[in-house]
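Colleague:
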Amino acid sequence: MREPDKKIILEDGQEYYGYSFGADREKVLEIVFNTSMAGYQEILSDPSYTDQAVVMTYPLIGNYGMAEDDYEDEHPTIGALIVHEYNDEPSNFRSSETLGSVMERFDISGIYGVDTRKLNRSIRDFGSRKALITSAETPLDEGMKILNEHTPPKDAVSRVSCKTIQEFNTNGSFHVAAIDCGMKQNIVRSLIERDCRVTVVPWNTTAQTIKALNPDGIFISNGPGNPEAVPAVIETVKALIGTCPIFGICLGHQIISLAYGAKTYKLKFGHRGGNHSVKNIETGKIEITSQNHSYAVDLDSLANTPLTVTHINLLDGTVEGVKNEKDRVFSVQYHPESAPGPQDSAYLFDMFIRMMGEG
């Protein structure tokens, strides 16, 4: 067996050795894990993973390659992918490229051969934290110095949002203005499937500009990082409340809650995977959901707002959904558009359509 050529150094001094694939570049990133058993292409191309190194708990990654139609963003911004076993010879008639070649093209570092069970247990027990992906020959003290001197960037949303206004399905029956904070393309597809005309606007678009579009509904997307790092979007949403139905997903859910005066906080290791159980308080039904986030809305802080809780996470009791009937505003922490993940929650898009249809 050849000697490992890459390693991960965590900010508590732990080291994990493996082999390089994808881009061969040193990086400091936030390390997180994802429990999905399939859908690594959608995970790799989800803008919410910007500046993060994602450890896959499922051991075999790369076996079905990369398909042209399955990207969530055309230019993936994830920092790194860490896997136990990497397959560079995919077997899939839809595959047009290997995972490793895509990662190399988009400057995404990769490490395989890592003891991912031990690494994921460490993240679960001690939380998400900074990690250095570097050469196996980098001395530990040098690596720790790099980690200690690194300041995580706070401009992720501005980097992944679109730069100009974009139009999709211009003949749709309902006009949705979507604020792009790092939006997955399956959200756009889900709206188009329901006969919506979708106008995607950059994250820093003003409320005045959005009102001038005369939308039937407003959507606030998912995206990377701390919701408090985008005060401009929070202020925009405040100014838009009450004008027409508003629907938010993930980061959009947190932004809506902050706009109403609630608070958010960072979870120990976040929620990332396709098997999170959520209870719909209004119907009593349990949904299996797809999730990807580091932050959550503080339950106690909602008591001082006009928002009511609609969904609760059954694993840890965190808030998974809120609404304000008077303002026709609702949001969820998870991903009803899936990709990857179960499709139990697609009804939320239908709710949004009904609200727009009511005028």
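Residue numbering for the sequence shown follows the working numbering, starting at 2 and increasing by one per position. Positions of the beta carbon are idealized from the N, C-alpha and C atoms, including for glycine.
1) Are three or more beta carbon pairs between the region 108–120 and the region 80–100 nearer than 8 Å?
2) Measure the alpha-carbon distance for S258 versus T139 and round it to whole angstroms.
3) Give the C-beta separation of V29 and K131 to the nearest angstrom, bearing in mind that I take them to be a contact with Cβ-Cβ under 8 Å.
4) Distance check for D142 and I44, CA to CA, integer angstroms please.
5) Out of Y261, I32, E4, which has the shortest C-alpha to C-alpha gap to V298?
6) Ignoring anything shorter than 4 residues or poking outside the region 100–179, list the alpha helix (DSSP H) runs there in chain order.
7) Can you tell me where the beta strand (DSSP E) with K286 in it begins and where it stops?
8) Which of the three DSSP states, helix, strand or coil, is assigned to L45?
9) What separation, rounded to the nearest whole angstrom, lies between the Cα atoms of A179 and W204?
10) Put N293 into one of helix, strand or coil per three-state DSSP.
11) Considering only residues of the region 4–63, which uninterrupted alpha helix (DSSP H) runs meet the minimum length of 4 residues and lie entirely inside it, listed in chain order?
12) Start and end of the beta strand (DSSP E) containing T311?
13) Closer than 8 Å by C-beta to P307: which residues in its own chain qualify, once you throw out the five before and the five after it? Chain order, please.
14) Exposed or buried, which one is F220 when buried takes at least 16 other CB atoms within 10 Å?
15) Whose C-beta lies closer than 6 Å to the C-beta of V42 among residues of the same chain, with five residues either side of it excluded?
16) Is the beta carbon of E31 sitting closer than 8 Å to the one on Q53?
17) What three-state label does DSSP hand L303 in the structure shown?
18) Does DSSP put S191 in a helix, in a strand, or in coil?
19) To the nearest angstrom, how far is it from the Cα of D13 to the Cα of K7?
20) In angstroms, rounded to a whole number, what distance separates the CA positions of F350 and F248?
21) So, does the region 276–285 touch the region 235–252, judging by three or more C-beta pairs under 8 Å?
22) My understanding is that A81 touches I134, with C-beta atoms under 8 Å, so please give their C-beta distance in whole angstroms.
23) Jot down the residue ranges of each uninterrupted alpha helix (DSSP H) in the region 207–250, minimum 4 residues, whole runs only, in chain order.
24) Does the count of Cβ pairs from the region 232–241 and the region 262–272 closer than 8 Å reach three?
25) Since I believe G342 is in contact with T290 (beta carbons under 8 Å), could you give me their beta-carbon distance rounded to a whole number of angstroms?
26) Starting from G322, follow the beta strand (DSSP E) in both directions and report where the run begins and ends.
27) For E4, count the other beta carbons within 10 Å of its own beta carbon; 16 or more makes it buried, fewer makes it exposed. Which is it?
28) Return the Cβ separation of R273 and V33 in integer angstroms, given the expectation that the two are a contact with Cβ distance under 8 Å.
29) Where does H254 fall in DSSP's three states?
30) For T51 versus P216, is the C-beta distance shorter than 8 Å?
31) Can you tell which of D126, I354, T207, D156 has the C-alpha that lies nearest to the C-alpha of I166?
Modeller: Short version:
1) Taking 8 Å as the limit for Cβ pairs, the verdict is that the region 80–100 does touch the region 108–120.
2) 44 Å
3) 6 Å
4) 32 Å
5) Y261
6) 100–106, 117–127, 141–150, 157–161
7) Run containing K286: none; DSSP gives neither H nor E here.
8) It is helical.
9) In this model, A179 and W204 are separated by some 9 Å (Cα to Cα).
10) Assignment of N293 by DSSP, reduced to helix, strand and coil, places it in the strand class.
11) The region 4–63 contains these whole alpha helix (DSSP H) runs: 41–45.
12) 309–314
13) Y261, N325, K327, D328
14) buried
15) The sequence shown places Gln at residue 42, rather than the Val named in the question. Result list for Q42: M67, D71, in chain order.
16) yes
17) L303 falls in the helix class under three-state DSSP.
18) helix
19) 18 Å
20) Rounded to whole angstroms, F350 to F248 spans 9 Å at the Cα level.
21) no
22) About 5 Å separates the two Cβ atoms, so the contact holds.
23) 208–213, 232–241
24) no
25) 7 Å
26) 320–325
27) exposed
28) 6 Å
29) helix
30) Pairing T51 with P216 gives a Cβ-Cβ distance that is not under 8 Å.
31) T207
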